[in-house]
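What the sequence shown shows, in this note's numbering, is residues 16 to 102, in sequence order.
Virtual Cβ for every residue (Gly too), placed ideally from N, Cα, C.
Below is one structure, written out as structure tokens; the observations come after it.
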Amino acid sequence: MARNKTKYKRLELRLPADHPLFRYPPGQRAARARELIDTAIRLEERLSEIERQLAGIAQKLTGGACTSTRKVPQKTVEFDVEAFMNL
Numbered sequence: 016m017a018r019n020k021t022k023y024k025r026l027e028l029r030l031p032a033d034h035p036l037f038r039y040p041p042g043q044r045a046a047r048a049r050e051l052i053d054t055a056i057r058l059e060e061r062l063s064e065i066e067r068q069l070a071g072i073a074q075k076l077t078g079g080a081c082t083s084t085r086k087v088p089q090k091t092v093e094f095d096v097e098a099f100m101n102l
């Protein structure tokens with residue numbers, strides 16, 4: 016795949032010799048490193064969104080927004096024991 020050099024920048028990265036990235040063959044390491052970096056960035060963005068949503072939920076819970084003030088009428092069942100016994 017030919018790449019336009021104006022669209023890409025080179026990144027020099029130093030890792031420990033026992034880093035898991037070195038388990039990949041030399042021809043696959045750069046592509047795998049790119050994939051892992053892209054995945055980490057997307058994961059960080061998703062986690063930030065989840066944290067934002069959780070903060071909103073926590074705020075609603077502490078503010079009492081989830082408590083209902085509406086009273087639900089209780090149904091009372093009248094049972095006529097005398098009529099039941101005469102069946």
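Taking 8 Å as the threshold (beta carbon to beta carbon), is residue i in contact with chain B?
i: Thr77; result: Absence of chain B from the displayed structure is noted, only one protein chain being present.
In angstroms with no decimal places, state the Cα-to-Cα distance between residue i and residue j.
i: Pro88; j: Phe99; result: 27 Å
i: Gln74; j: Glu64; result: 15 Å
i: Glu50; j: Leu36; result: 11 Å
i: Asn101; j: Ile72; result: 57 Å
i: Lys22; j: Ala32; result: 30 Å
i: Lys90; j: Gln68; result: 38 Å
i: Ile52; j: Leu76; result: 36 Å
i: Ala55; j: Gly78; result: 34 Å
i: Arg61; j: Ala70; result: 14 Å
Would the C-beta of residue i count as close to the ligand PLP, meaning under 7 Å from any of its heavy atoms?
i: Arg57; result: Here there are no bound small molecules, and the ligand PLP is not part of this structure.
Do residue j and residue i count as a contact pair if the criterion is CB distance below 8 Å?
i: Arg29; j: Tyr39; result: no
Exercise for the section: Tell me the start and end of each unbroken beta strand (DSSP E) in the stretch 27-91 that is at least 3 residues and wholly inside, in chain order. Expected result: none
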